[in-house]
Structures are given as structure tokens and as C-alpha cells.
Amino acid sequence: MTLGSIPLATPDLKIADGGRNNWTLVCAPVMAETVDQMLVQMRKAKQLGADLVEIRIDFLKKFSPKNDLNILIKQAPLPTLITYRPKWEGGQYDGNESTRQEALRMAMELGTDYLDVELKVAQEFYSSIQGKKPEKVKIIVSSHNYVNTPSVEEIGNLVARIQATGADIVKIATTSVDITDNARMFQVLVHSQVPMIGLVMGERGLMSRILSAKYGGFLTFGSIEEGVISAPGQPTLTELLDLYNFKQIGADTKVHGVIGNPIGHSKSPHLYNAAFKSLGFNGIYLPLLVDSVANFINAYSSPDFVGYSYTIPHNEDGLKCCDEIDPIAKEIGAISCMIRRPTDGKLMGYNVDYLGAIAAIEEALRASNGATPASVSPLAGKLLVVMGAGGAGKALAYVGYEKGARVVVADRTYEKAKILADKVGGQAITLAELKDFHPEKGMILANTTSVGMKPRIDDTPLPKESLKNYSSVFDAIYTPKWTRLLKEAQECGATVVFGTEMFINQAFVQVERFTGVPAPKQILRDVLVKNT
């Protein structure tokens with residue numbers, strides 16, 4: 009069973025601009041060592057736009073149940089969810105279980121809005137309160153799996169077990185081993201007949217936290233500060249509400265994303281989500297940490313999963329999953345963009361990587377060499393050295409050849425370089441040989457490897473002494489904008505061309521393909537400047 013089999017109903021309720029397109033609550037975990045610090049965090053959560061706060065009692069260094077709970081619940085500026093998580097369920101509390109449950113009962117009596125009780129002790133807890141639960145208080149019975157995400161059938165059975173305890177709200181949190189794990193949680197979530205929190209932890213589970221709004225989740229969690237999280241893979245409140253426009257996500261929102269590995273560095277979500285918001289387009293754009301493209305495409309076959317950008321190392325694997333391929337992409341042997349055609353659901357592959365890169369390199373050459381006829385590329389006759397024979401490398405080598413450049417391909421694997429070089433009538437060498445490769449002055453270098461990308465910003469694919477023979481150096485990396493390669497190339501007197509130019513130009517094209525209308529170019533440039 010895949011996500012393609014899920015029937016998604018368009019919501020009857022249409023909320024005006026500025027309102028919400030979903031009823032999924034945004035909850036901010038409050039984890040501090042003192043009550044005063046917790047009160048400060050709660051006020052911050054309200055300022056950031058949270059709907060409620062989860063007060064993690066197990067983080068308090070000193071806890072006087074009656075006094076502290078009274079203050080925390082009565083002085084909270086938002087509705088409260090009290091959680092007193094024991095170590096055996098991934099929390100901090102390591103004391104007497106009876107004492108812990110007594111504190112939970114006290115929180116209920118003091119009027120907390122929600123109370124988290126672990127499935128393992130739910131029956132015991134319900135027996136202890138003997139049906140004396142204030143109407144206002146909703147009990148969340150929770151189960152946490154820190155190893156994997158079970159099958160749809162197993163998750164469904166777990167929902168039934170939790171429901172049988174008398175829970176008002178079901179909470180199931182599992183762990184992502186692969187990004188396809190989220191699809192199983194979505195399948196259960198969208199069919200649930202009871203209020204349900206269904207989340208997949210870890211970086212590969214991020215989409216479950218954001219798309220919970222699309223599939224009817226009761227709530228999702230967003231941290232108050234970056235890095236201060238209550239579970240792995242948790243986004244910040246600011247990311248949820250501002251970057252991903254969480255409150256505007258509805259059942260009919262179209263899903264897009266950038267497929268890569270690694271992907272945490274990508275600025276694409278900042279650009280595309282800003283573009284979608286500016287255009288009033290009902291879409292979301294996610295970072296997708298994918299291990300197998302084929303498995304991902306198979307798992308998310310729903311018509312609502314409509315478009316993807318491709319980056320390292322999946323450009324070539326993406327091409328293999330296309331139903332139809334643009335001639336340029338086919339010639340290059342890699343895609344950078346995939347669109348699901350709405351009429352028949354077929355996946356269309358394109359390559360737009362080369363557009364910005366070649367244009368930027370040509371512009372730099374014209375500026376340094378003086379005017380050349382518009383009909384003649386300044387690349388014509390130049391020796392273009394392309395580092396890397398992956399998707400972007402193929403695109404640059406192919407278009408460089410089309411522009412009349414003499415192409416040299418350098419890759420870690422000589423065989424891979426040779427295959428690409430043969431396609432463009434060029435020469436192949438290994439990256440190890442490149443440092444001593446200087447047949448002439450005034451060469452052009454284009455790096456399409458990931459060497460020097462954040463966080464390993466002190467790395468460089470080529471030693472500084474080898475850069476003296478190049479007149480122009482382009483680096484496809486855009487995080488950071490000034491890579492070590494570009495800094496050292498400039499110090500050697502070369503004209504530098506930033507990866508941001510390739511990135512922004514292909515973004516213009518992809519936004520238009522995703523939305524059907526021209527990209528808001530100035531907004532995209534402003535967002536890129538702000539985030540690099």
C-alpha cells in the first residue's frame with residue numbers, strides 16, 4: 009500500500025487570507041530547569057505563534073508538585089499540556105512511578121488542558137482516577153518507538169490499543185529509518201476515526217511534522233529555540249510557521265521538495281516557499297533526505313506529490329524514474345527537476361542546472377575579456393575543466409561543448425570521467441591528476457563536486473597553487489557563497505563566479521514550472537541574500 013491509495017478530501021471550510029487552512033495545533037515543548045525559566049519560555053512561545061505549550065515537568069531540577077504545577081498551569085499564557093516523561097519512555101524522570109502518577113493526577117485537578125499518559129501505564133492511571141476526570145481535561149495516551157516505524161497494520165493495531173484505554177487523543181511517535189516510513193504514518197493518520205498525533209522522529213521524518221496539517225494530525229511540535237528539542241528532527245516554531253507557512257497547509261495542498269543526500273544545508277525551501285506564498289499558490293516545498301529515489305517515488309505516488317528539484321547525488325537516479333525526459337536532460341544523462349503531469353500523472357524530467365551556471369560564466373568572461381559578438385559565446389575555443397561527472401557536471405560539460413569550449417572532465421573515478429568526456433569529445437583525467445594539469449594559461453574551472461560545502465567549509469577540491477592557470481573559476485556550491493576554492497581563486501587573480509547564480513536562475517525556471525506563472529524574481533533574490 010502506498011500513499012497514492014489515500015483518498016484526500018478537499019476541506020469544505022475555506023478560511024480567508026490570514027486565517028488557517030487546517031486545525032492542527034502547533035505545540036511548543038517547554039524544557040527548563042526552573043519554574044521561572046519555564047514561564048519565560050512560555051511567553052516566548054506565545055510571541056512566536058504557538059497554540060499551546062507542552063510543559064516537560066521531568067526537566068525541572070527541583071519539583072514541588074502542588075506549588076509548581078499550580079504556578080505553571082495558572083500563569084501559562086497559552087493552553088497547557090503536562091508531560092512528566094519517565095526514562096523508560098525516553099524522558100528524564102527516574103524516580104518512583106506512584107509519585108509520578110500522583111503529580112499527573114494533581115495536574116489534572118489543577119485544570120491543565122491536556123495530560124500525556126504513556127500507554128504502558130494508561131490502564132493503571134485510568135483506574136486510579138476512577139472516572140473522575142474534569143470535562144475540560146483531555147488525556148493523550150502516548151507510545152514512542154525509538155527504533156523504527158512499524159507496518160501500517162501494526163500502527164493501526166497500536167491506535168486501537170490506545171483507543172481502548174479510553175484515551176481522548178492517540179499519540180504515536182516512531183523513528184525514521186527511511187523517508188518512506190512517513191507514508192505509513194500518513195496512511196494511518198488520514199483514516200483515523202479519533203483525534204491522533206502521528207509523528208515520525210529523525211531528520212528523515214521531518215515531513216511528518218509539517219504534513220501532519222495536510223493529513224489531519226491533532227497537533228505537531230515546534231521548538232522555541234533551534235537545537236533545544238524534545239525529540240529528534242523537530243523543527244523550530246519559526247520554521248514551521250514562517251518558512252513552511254504551516255497554518256496555510258490544507259488537505260489539497262500540493263507537495264514539492266528537493267531530493268538529495270545530504271539535504272539539511274539546502275536553501276531551496278526558503279526560496280520556493282517564499283515564492284509560493286508571494287504567488288498565493290497552494291503548495292509546500294520540503295527538504296527530502298532520500299536514500300533511494302525509486303523507493304521514494306513509489307511510496308509517494310499520490311497526485312498531490314507534484315514536483316521535485318534534484319541535487320547531489322540523485323540527479324541520475326531521478327532520470328531513471330521518469331516516464332518522459334526532456335531531450336536536453338536525456339543528452340546530459342541527468343535531471344534537476346521532475347514534474348508530475350496533472351493530466352495523466354506521468355513524471356516528466358528536465359535539466360535546468362546549466363542555465364544559470366553557463367550564463368554566469370559567460371557574463372564573467374565578457375566582463376573580463378571585453379565585448380564579444382552576441383552570436384559567439386566567450387566560451388568558444390576556451391579550455392573548460394569540469395570537476396565532477398555527476399548531474400551538474402554532465403550539464404556543464406554538455407552545454408560547454410555546445411558553446412564551443414574544449415572540455416576536460418575530472419572525476420575521482422577515471423572511468424566515470426571518460427564516459428562523460430567521450431560524449432562531449434573531450435579529455436578525461438582523475439581529480440588527483442588535476443592539481444598538476446596546466447597545459448595552458450587562461451583555463452576555466454567549474455567545480456560541481458560537494459567538496460567545500462557547509463559544514464566542511466575548510467575543504468577545497470584543488471590546491472591554491474593549481475589555480476594560477478585559470479582565468480575564471482566557478483563553484484556550484486552556494487553554502488557558503490564564498491567557498492575556500494573561490495577565495496583562493498580570487499587571491500590568484502581569477503574571476504570568480506558564485507554558485508548562487510546557478511541556484512537562483514534554475515529556481516526562476518522551476519518556480520514557473522511548479523506554479524504555471526512567472527517567478528517573483530526580486531523576492532527570490534532577496535530571500536537568497538538573506539539566507540546565504
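Residue numbering for the sequence shown follows the numbering used here, starting at 9 and increasing by one per position.
Just so it is clear, CB atoms sit at the ideal spot from N, CA and C, and this is done for glycine as well.
Unbroken beta strand (DSSP E) run spanning residue i, endpoints
i: G206; result: M204 to M209
i: T183; result: I177 to T183
i: G357; result: L355 to Y358
i: R414; result: R414 to D419
Between the CA atoms of residue j and residue i - distance to the nearest angstrom
i: L404; j: D44; result: 57 Å
i: M89; j: S159; result: The question names Met, but residue 89 is Leu in the sequence shown. One C-alpha to the other measures close to 29 Å.
i: A17; j: T261; result: A caution first: A17 carries a pLDDT of 30, below 50, which makes its placement in the model unreliable, though a value can still be read off. Between A17 and T261, the C-alpha separation is close to 11 Å.
i: S286; j: L279; result: 11 Å
i: A24; j: D534; result: Low local confidence applies: a pLDDT of 33 at A24 is under 50, so the model's placement there is unreliable, with the coordinate-based value given in what follows. Each residue's alpha carbon lies about 27 Å from the other.
i: P19; j: Y308; result: At P19 the pLDDT is 29, less than 50, meaning the model places this residue with poor confidence and gives no usable figure here.
i: T491; j: S72; result: 53 Å
i: S310; j: S276; result: 22 Å
i: R28; j: K222; result: 12 Å
i: E441; j: G389; result: 23 Å
i: L296; j: G164; result: 25 Å
i: E41; j: L68; result: 4 Å
i: I485; j: N513; result: 14 Å
i: A241; j: F194; result: The sequence given here places Gly at residue 241; Ala does not occur at that position. G241 and F194: Cα-Cα distance of roughly 17 Å.
i: V293; j: N253; result: For the sequence presented, residue 293 should be read as Tyr rather than Val. The straight-line gap from Cα to Cα measures roughly 10 Å.
i: E496; j: D325; result: 33 Å
Residue interval of the alpha helix (DSSP H) (run including residue i)
i: I366; result: D361 to N377
i: N323; result: N323 to K328
i: V149; result: Note, V149: premise wrong, no alpha helix (DSSP H); beta strand (DSSP E) at K146 to H152.
i: H278; result: S276 to L287
i: Q530; result: K529 to K538
i: P73; result: P73 to K82
i: F254; result: No alpha helix (DSSP H) holds F254; DSSP gives it neither H nor E.
i: Y409; result: G399 to E410
i: R108; result: E105 to E117
i: L86; result: Taken as a continuous stretch (DSSP letters only), L86 belongs to no alpha helix (DSSP H), as it is neither H nor E.
i: I305; result: V301 to A307
DSSP three-state assignment for residue i, whether helix, strand or coil
i: V394; result: strand
i: E598; result: The chain is shown only over 9 to 540; residue 598 falls outside these bounds and no answer can be derived.
i: S458; result: coil
i: V196; result: helix
i: Q435; result: strand
i: V525; result: coil
i: L33; result: strand
i: I218; result: helix
i: G213; result: helix
i: M39; result: coil
i: T91; result: strand
i: L56; result: helix
i: A24; result: In this prediction, A24 has a pLDDT of 33, which is less than 50 and means its spatial position is unreliable; nothing more can be read from the coordinates.
i: E496; result: helix
i: I336; result: helix
i: I63; result: strand
i: Y422; result: helix
i: E473; result: helix
DSSP bridge partner residues for residue i (one or two, in chain order)
i: T157; result: None, per the DSSP bridge assignment.
i: H264; result: Y293 and G315
i: V505; result: F482
i: D124; result: I148
i: M451; result: Y478
i: M346; result: Y316 and G357
i: E520; result: Note: E520 sits in no beta bridge, so no partner.
i: T244; result: S231
i: Y134; result: Note: Y134 sits in no beta bridge, so no partner.
i: Y101; result: P94
Does the pairing of the region 389-398 with the region 343-360 give three or more beta-carbon distances under 8 Å? By the criterion of at least three beta-carbon pairs nearer than 8 Å, the region 389-398 is not in contact with the region 343-360.
Flag this pair as touching only if the region 174-189 and the region 148-166 have three or more C-beta atom pairs under 8 Å; answer yes or no. Judged by Cβ distances under 8 Å, the region 174-189 makes contact with the region 148-166, as three or more pairs qualify.
Between the region 480-490 and the region 432-449, do at least 3 Cβ pairs fall closer than 8 Å? Touching, no.
Pairs of beta-carbons, one from the region 312-319 and one from the region 517-534, closer than 8 Å: are there three or more? Because the criterion of three Cβ pairs below 8 Å is met, the region 312-319 and the region 517-534 touch.
Stretch pair the region 116-128 + the region 200-220: three plus CB contacts closer than 8 Å: The region 116-128 is not in contact with the region 200-220.
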